[in-house]
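Report on one structure; see the data block that follows.
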């Protein structure tokens, strides 16, 4: 991943994670509960950051689904000098730390939907969510503006 054009250190993904981002929340749909970042326990904030880093890694991977998804998101930009449209992911994680379900607004192309699902669903995190944590975790993913020399120079 160090040579990836999408590596966190060189280009990065803009991520606002569940309770870490100022406007995002963690919610449990059945009870229609949510909590603001200011009200969330420290353990929830730390876990949301942990999940965010995992999602970044999965999307930045060199696998075919990751490359295709990034290419799709990149192609949907309105302007190469602007970030991609935000992709809000709702992520459910079971007590064993497995991503048991994801939801997002559907893409126009079936392959992008399949790639997003392949990249995230069923993935194992190295730790389970804290006891009592409200789910789903909401993570917003956005590719930053392209770093092409033509874009930087205004061509």
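Residue numbers (full-length UniProt numbering): 1 to 155.
C-beta: ideal position from N, C-alpha, C; glycine also.
Remember, it's a predicted structure, so these values are computed and weren't measured experimentally.
| Check | Outcome |
| --- | --- |
| Same chain, Cβ closer than 7 Å to residue 76, five either side skipped, listed in chain order | 84 and 85 |
| Inter-stretch contact at 8 Å, needing at least 3 Cβ pairs: the region 35-50 / the region 115-135 | yes |
| Nearest candidate by alpha-carbon position, reference residue 130, set 58, 113 and 94 | 94 |
| Pair within 7 Å by beta-carbon distance, residue 99 and residue 73 | no |
| Residue from 38, 36, 138 and 61 with nearest C-alpha to residue 115 | 61 |
| Contact set for residue 92: own chain, Cβ-Cβ below 6 Å, skip 5 residues either direction | 100, 101, 135 and 136 |
| Runs of beta strand (DSSP E) lying entirely within the region 54-107, each at least 3 residues, in chain order | 87-93 and 99-103 |
| Exposed unless 16 or more other CB atoms sit within 10 angstroms - verdict on residue 105 | exposed |
| Distance, residue 141 Cα to residue 55 Cα | 9 Å |
| Buried or exposed (CB count within 10 angstroms, at least 16 for buried), residue 66 | buried |
| Alpha-carbon spacing of residue 57 relative to residue 51, whole angstroms | 10 Å |
| CB of residue 89 within 7 Å of CB of residue 139, strictly | yes |
| Nearest candidate by alpha-carbon position, reference residue 147, set 80, 132, 97 and 111 | 80 |
| Sequence-distant residues of its chain with Cβ nearer than 6 Å to residue 42 (five each side left out) | none |
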